[in-house]
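Residue numbering for the sequence shown follows our numbering, starting at -17 and increasing by one per position.
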Amino acid sequence: MAAGFADVLIGLQYGDEGKGRIVDAIARDYNIVARFNGGANAGHTVVVEGLNLALALIPSGVINQSASLYIGSGCVVDLAALAKEIQMVEAAGLSVRPRLRISPYTSIVQPHHIFLDRAFSSDIGTTGNGIGQAYADRALRMIAGELLNIRCIDLLQNEFSVVEQMLRNLENATKLYPSIERPKRSVIVQTISEAIELVRPLITTDPLYLSDAVEKGASVLFEGAQSYELDVARGIVPYVTASHTCAGYAYTGGDVPPKFHRKTIGVAKTIMSRVGKGPFASELGGTRSEEYCMAENGRRHNRDYEKKSYDAEKLLKSDDDFELGIGLRMVCGEYGTRTGRPRRIGVFDLEQLKKAVRANYIDELYLTRCDLLEHFRRTKRAEIPLRTPGSSDTNGTSIAFENAWELQNAQSLPRELEKLVTMTEQSCGVTVRGIGVGPERSQLIECR
Ligand code: IMP
């Protein structure tokens, strides 16, 4: 039988590009959808026929019931978060457990990882899921006879000693950092034990599970979490996540040899956003916006605060980019899926995108959130601003509005979107395969 292949899909900006909905749309073309990096820090929203699923660890291919699902060794798994998510998705009527397998080499996010992250990572503005600490302990392996890197395979061998080790690691962390807040030992034990019971049967004993499947003919879609600019080594360090988000890592973290690679798919959104701190060249309002959005690690000026405090339509008319950014965030609903943290807003940055496309050698690109560009029609300049290669700020170039938009198919694309697609293809040297014009499955227009 002929061997199968793997495609890799990644976000090319700062996360939240809408990767989940693209994966959902193309998942029918694959036998298996797999995660290769990150953990419950990812927030992938998939909307299908009235069902709105906020996924963190389960691959976004879950809605396509014919695809199998896999979590690779490059991921870190919070057992309690995964168990809860499986129950949530199953309660929505989808099958998960019969289809999901987890690599035995995946590391486990332990309680002390989460408590330390929440206590000490506000300088980066992390999601507070213990991701950095889990990857750090994976690299530390063992210190003074204490096993720090606990993996899924350990749960298959001696669950009792795994829980004991996690509690000892927590005790040791509290000795070093007495101020960290944590629930009682008995609560932790109960939560972990219940989660282990649900997750353990999904752990495969075979580290070559996915690789063998591809060799026997299966097609795999690797789904990246976070995005290129957040790569732990190649992103804007230290304002990055703790895993590799670039396309090449799919094969290390996804447990398939690179021999089977077919193509690389990128996703970028046309009104950009970033959560957490760090440089963001096309941000509307620059550092003022960054400081405002990150006050109290995003909790002060959250969705509810802005809804109570501002009139979005008024802000859209403002001359001040900072205010325009708030107005756009409100009308586009750009807040953290679970946290309500405000996402920093920026104009579409072709300079940044060009670099990300080159660095990952993207074969085809999807542009998302294109319908939202029409909000710029109500701004004072009434045009779509873009940052173009060579420009230093948000005022690279712009696309003026002509007629009212109807967003139905590639043949009747508004002229403004046609221009945007052509400019993107020319400046980034990549084919735009499709554009998202709304959250529903039917609102993805194939271009080429
Ligand atoms: P961590 O991944 O929780 O350690 O957070 C590190 C940085 O990555 C912070 O700036 C987070 O806001 C950002 N980040 C992590 N996951 C996502 C995501 O799914 N979307 C957007 N940003 C993310």
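Backbone N, C-alpha and C define an ideal beta-carbon position, used for all residues, glycine too.
Could you tell me whether the Cβ atoms of residue i and residue j are closer together than 8 Å?
i    : j     : result
G54  : G236  : yes
I45  : T227  : no
R430 : V414  : yes
N111 : R120  : no
G0   : K251  : yes
I90  : V59   : yes
Y52  : L192  : yes
V339 : L(-6) : yes
Y117 : A16   : no
C433 : S85   : There is simply no residue 433 to check, as the chain begins at -17 and stops at 430 in what is shown.
P93  : I185  : no
D123 : S264  : What sits at residue 123 in the sequence shown is Arg, not Asp. Contact: no.
V283 : C314  : Rather than Val, the amino acid found at residue 283 in this sequence is His. No; because the gap between Cβ atoms is not below 8 Å, this pair is not in contact.
G25  : G258  : no
A7   : L426  : yes
V196 : F242  : yes
N385 : G107  : no
S161 : A229  : no
N342 : T187  : no
Using C-beta distances below 8 Å, list every residue in its chain close to residue i, excluding the 5 sequence neighbours before and after it, in chain order.
i    : result
R270 : F304
L266 : D303, F304, L306, G307, L310, I327, G328, V329 and T376
E288 : I308, R311, M312 and P324
T350 : E(-1), G0, R3, I4, V249, A250, K251, T252, I417 and G418
Is residue i helix, strand or coil when you go by DSSP?
i      : result
H357   : helix
V414   : strand
Y317   : strand
A364   : coil
S42    : helix
S55    : coil
A207   : strand
G20    : strand
R79    : coil
Y348   : strand
R(-8)  : For the record, residue -8 in the displayed sequence is Ile; it is not Arg. DSSP places I(-8) in strand when its eight states are reduced to three.
M405   : helix
H26    : strand
A7     : helix
G114   : helix
M312   : helix
F(-13) : strand
A74    : coil
E128   : strand
D286   : helix
N34    : strand
V432   : Given that the chain is displayed from residue -17 to residue 430, the structure contains no residue 432 and the question cannot be resolved.
L98    : helix
G217   : coil
Residue i: which of the options sits nearest, CA to CA?
i     : options                  : result
A38   : G32, C57, V222 and V30   : C57
P421  : E179, P41, V29 and A24   : V29
G(-3) : R164, L149 and G206      : G206
V403  : Q208, I68, R423 and I381 : I381
P189  : K336, E67, T88 and A74   : T88
I40   : L297, A22, T406 and N34  : A22
E272  : C410, L347 and D105      : D105
L335  : A101, G248 and E163      : G248
A232  : R3, V5 and F18           : F18
M276  : T109, T27, G199 and L33  : T109
K337  : T406, D286 and E141      : T406
D301  : T361, E141 and P160      : T361
D194  : S143, A(-16) and K290    : A(-16)
G32   : A65, A74, D331 and P165  : A74
L138  : A294, E179 and R285      : E179
Skipping 5 residues on each side, what residues in its chain have a beta carbon closer than 6 Å to that of residue i?
i    : result
Q115 : H95, L98 and D99
G217 : E211
A62  : T173 and A177
P80  : none
S201 : G(-14), F(-13), Y12 and N13
L152 : P93 and H94
E333 : R369 and P371
Taking 7 Å as the limit between beta carbons, can you name the residues of its chain near residue i, skipping five residues before and five after?
i    : result
R244 : F(-13), A(-12) and D(-11)
G260 : I218 and Y221
F383 : R359, A364, E365 and E398
D353 : L389, V419 and G420
V145 : V171, I174 and S175
G199 : M(-17), A(-16), A(-15) and G(-14)
E49  : Strictly speaking, residue 49 in this sequence is Ala, with Glu absent from that position. The residues are A9, Y12, N13, I14, V15 and G43.
Is there a Cβ from chain C that is less than 8 Å from the Cβ of residue i?
i   : result
Q92 : Of the chains in the structure shown, none is chain C; there is only one protein chain.
>> If we require 4 or more residues per run, which alpha helix (DSSP H) segments fall completely within the stretch 235 to 283?
In response: 268 to 276
>> Suppose only complete runs of 4+ residues qualify. What are the alpha helix (DSSP H) ranges in the stretch 140 to 205, listed by chain order?
In response: 141 to 158, 167 to 181 and 191 to 197
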